[in-house]
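K.L.:
47 is the number of the first residue of the sequence shown in the working numbering; add one for each residue after it.
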Amino acid sequence: MNKNLRVCFCYILISKVFLYADFKQSNFTYHSHSLHLFSNPSIIVTQHGVPLSAAINIPSSEEILETAAALSFILDNNAFAVGYERNELLNNRIISGYSFQKKFFYFGSSFSFLIDSTKDPDLLLDVSSTIKLPKSRYISLVLNNIISTEKIRNSMPPQASLSFFGGFPGIEKYLGFDFIYYCNINDFSKENINHGTKLNIVGTFFKSPMVFYSTGYDFLIENNGKIKTVLCSNLGLQLRINEIISGLSYGIKYDINNSDYRMNLLVNFNPNFFKNDHKSQINLKVIKGSENNPGVYVSFDYSDLNKNSDIKNWVLVFSTLPSSEGKIIKSFSGGNLPPSSIYWNFKDVSGNYYDKEVIYIRGIITDPKNNLAVTPWITLDPQK
């Protein structure tokens with residue numbers, strides 16, 4: 047009897063829960079993909095490389111085959127994306143989006159055309175903003191379908207959501223979370239609003255190839271008191287070959303209320319995953335010393351470094367010019383993680399002071415595979 051119960055439990059866990067992949071489910075992932083365009087356009091710019099992603103939802107019954115695909119271009123602190131989606135509610139959706147970063151603030155918007163050969167195109171507008179908190183955690187506000195036609199509004203009401211996501215303290219490289227509160231606004235004047243929550247636990251293990259997974263639930267309370275519950279999880283694999291990253295995940299979406307499920311397949315291809323990481327992954331924080339302790343304190347900010355990377359060594363350089371043509375005044379280096387703060391007293395190795403001229407600072411971090419992450423040049427004027 048106990049053996050049969052264990053077998054039954056494993057069947058439910060594997061076939062109904064543990065293999066679910068939904069590209070709109072979580073804001074937090076351990077791999078770059080472009081499908082955030084459909085759910086939260088502000089975080090497109092947090093991705094890396096030039097990700098091309100596609101998802102296919104295969105229903106268990108004779109329903110329409112749902113597909114979605116998107117391509118993103120990330121250029122420094124800006125990102126552009128285009129995509130296509132087809133499902134039960136959206137006949138043919140063509141979408142474009144833009145996202146940018148300003149320090150710890152991210153903003154994004156997307157504009158969609160719903161094309162029906164028998165009618166004029168319908169329009170949709172999504173906007174979202176995200177604030178980065180310490181330790182690579184984020185708070186995000188998303189407004190979906192804030193502009194739409196009446197026909198679309200009846201089947202896809204405007205939705206507002208507030209999410210908090212990021213890595214768990216101390217184990218952020220391996221385990222993260224995404225908690226979302228959302229409400230579907232069917233009729234604001236009549237207070238016809240449905241409230242729901244989503245919770246996802248996201249993790250990764252191994253490095254080559256990288257295996258990633260997530261599990262969670264979607265809990266919605268409708269205005270008539272009916273409760274909808276969906277279990278969710280996904281399991282995927284990502285492999286790097288030279289400078290090309292490709293990934294594949296598979297799963298099943300299980301609706302508890304209707305005992306219905308959908309198989310899901312997600313394919314990811316990123317031909318420039320590491321090359322675009324160098325400018326945005328690490329930065330330097332520079333603080334001047336006091337009159338009694340002249341000098342400068344420099345610390346590495348590598349909270350955006352690829353969550354699946356380890357640090358092999360680091361280098362901090364003080365130069366007379368922001369290029370290889372400059373003279374290196376002083377350098378510091380070490381293995382593993384950089385210290386919390388590096389102090390320099392404006393002296394070179396010969397004891398000469400450089401406290402009267404402009405100095406340029408740059409940091410470099412390498413991982414065990416010798417992939418580089420380089421900071422921009424930081425300008426320091428000791429006289430100011």
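Glycine residues also receive a C-beta, built at the ideal position from the N, C-alpha and C atoms.
Note that the structure is a prediction, hence the values are computed from the model and not measured.
1) Return the CA-CA distance between Ile222 and Met256, expressed in angstroms with no decimal places.
2) On the criterion of 16 or more Cβ atoms from any shown chain inside 10 Å, does Lys299 qualify as buried, or is it exposed?
3) State the DSSP-derived secondary structure class of Phe84, mapped to helix, strand or coil.
4) Per DSSP, which one or two residues make a beta bridge with Tyr152?
5) Within a Cβ cutoff of 6 Å, which residues of the same chain sit near Thr113, ignoring the five residues on either side of it in sequence?
6) What residues in its chain sit with their C-beta under 7 Å from that of Leu245, if we drop five residues either side in the sequence?
7) Name the DSSP beta bridge partners of Ile185, please?
8) Relative to the alpha-carbon of Phe159, which residue among Phe151, Lys149 and Leu171 has its alpha-carbon at the smallest distance?
9) Once the 5 residues before and after Asn232 are set aside, which same chain residues still bring their CB inside 8 Å of it?
10) By how many angstroms is the C-alpha of Asn316 removed from the C-alpha of Ser292?
11) With H, G and I counted as helix, E and B as strand and the rest as coil, what does DSSP make of Glu268?
12) To test your reading of the DSSP string, which unbroken beta strand (DSSP E) runs of 3 or more residues are found completely within the stretch 352-408?
13) Taking the alpha carbon of Phe126 as the point to measure from, which residue in Leu81, Val188 and Thr412 has its own alpha carbon closest?
14) Assign Ser201 to one of three DSSP states: helix, strand, or coil.
15) Helix, strand or coil, according to DSSP, for Phe319 in the structure here?
16) Quick check on Ile89: does DSSP put it in helix, strand or coil?
17) Looking only at C-alpha atoms, which of Val342, Pro215 and Ile410 sits nearest to Asp427?
18) Report the option in Val313, Asn416 and Ser305 whose CA atom is closest to the CA atom of Leu294.
19) Comparing alpha-carbon positions, which option in Gly380, Glu371, Ser370 and Pro340 lies nearest Phe346?
20) Tell me which residues share the same chain as Lys178 and place their Cβ nearer than 6 Å to its Cβ, disregarding the 5 neighbours each side in the sequence.
21) According to the Cβ coordinates, are Asn124 and Val188 closer than 7 Å?
22) Which residues bound the beta strand (DSSP E) around Glu131?
23) Have a look at Leu208 and Arg308 and give me their C-alpha separation to the nearest angstrom.
24) Is the beta carbon of Lys274 less than 7 Å from the beta carbon of Asn303?
P.N.:
Per the coordinate set shown:
1) Translated into positions along the sequence shown, residue 222 becomes position 176. Translated into positions along the sequence shown, residue 256 becomes position 210. Note that residue 222 corresponds to Gly in the displayed sequence, not to Ile. One C-alpha to the other measures close to 15 Å.
2) In the sequence shown, counting from the first residue as 1, residue 299 sits at position 253. It counts as buried.
3) Translated into the one-based positions of the sequence shown, residue 84 becomes position 38. Three-state DSSP puts Phe84 in a helix.
4) If you number the sequence shown from 1, residue 152 lands on position 106. Answer by DSSP bridge pairing, in chain order: Gln147 and Thr176.
5) Counted from its first residue, the sequence shown places residue 113 at position 67. Counting only Cβ-Cβ distances below 6 Å, and skipping sequence neighbours, we find Ile102 and Arg132.
6) Within the sequence shown, the letter at position 199 stands for residue 245. The residues are Phe225, Gly262 and Tyr263.
7) Translated into the one-based positions of the sequence shown, residue 185 becomes position 139. The partner list for Ile185 (beta bridge, DSSP) reads Ile177 and Phe210.
8) Counting from 1 along the sequence shown, the entry for residue 159 is found at position 113. Considering only alpha carbons, the answer is Leu171.
9) As a first step, residue 232 must be located in the sequence shown, where it is residue number 186. Counting only Cβ-Cβ distances below 8 Å, and skipping sequence neighbours, we find Pro203, Asn238, Ile239, Asn240 and Asn269.
10) Here residue 292 refers to the residue found at position 246 of the sequence shown. Here residue 316 refers to the residue found at position 270 of the sequence shown. Approximately 6 Å, taken between the alpha carbons.
11) Stepping through the sequence shown from its first residue, residue 268 is reached at position 222. The answer is coil: DSSP assigns Glu268 none of H, G, I, E or B.
12) 359-365, 374-381 and 388-390
13) As a position in the sequence shown, residue 126 is number 80, starting the count at 1. The residue with the shortest Cα to Cα distance from Phe126 is Leu81.
14) Position 155 of the sequence shown, counted from the start, is the residue given in the question as residue 201. Helix.
15) Sequence index remark: in the sequence shown, residue 319 carries index 273 (1-based). Because the pLDDT of Phe319 is 43, which lies under 50, any placement of that residue in the model is unreliable, and the number read from its coordinates should be weighed accordingly. Phe319 falls in the coil class under three-state DSSP.
16) Counting from 1 along the sequence shown, the entry for residue 89 is found at position 43. Three-state result, Ile89: helix.
17) As a position in the sequence shown, residue 427 is number 381, starting the count at 1. Nearest C-alpha to Asp427: Val342.
18) One-based indexing of the sequence shown puts residue 294 at position 248. It is Val313 whose Cα lies nearest to the Cα of Leu294.
19) Here the question's residue 346 lines up with position 300 in the sequence shown. Of the listed residues, the one whose Cα sits closest to Phe346 is Gly380.
20) On the sequence shown, position 132 is the one that residue 178 refers to. Same-chain partners within the cutoff: Phe150 and Tyr184.
21) The residue given as residue 124 occupies position 78 in the sequence shown. The residue given as residue 188 occupies position 142 in the sequence shown. No, the Cβ-Cβ distance between Asn124 and Val188 is not below 7 Å.
22) The residue labelled residue 131 in the question sits at position 85 within the sequence shown. Counting along the chain, the beta strand (DSSP E) containing Glu131 begins and ends at Asn124 to Arg132.
23) Residue 208 sits at position 162 when you count from the first residue of the sequence shown. Residue 308 sits at position 262 when you count from the first residue of the sequence shown. Roughly 26 Å between the two C-alpha positions.
24) As a first step, residue 274 is located in the sequence shown; it is residue number 228 there, counting from the start. As a first step, residue 303 is located in the sequence shown; it is residue number 257 there, counting from the start. Yes, Cβ-Cβ distance for Lys274 and Asn303 is below 7 Å.
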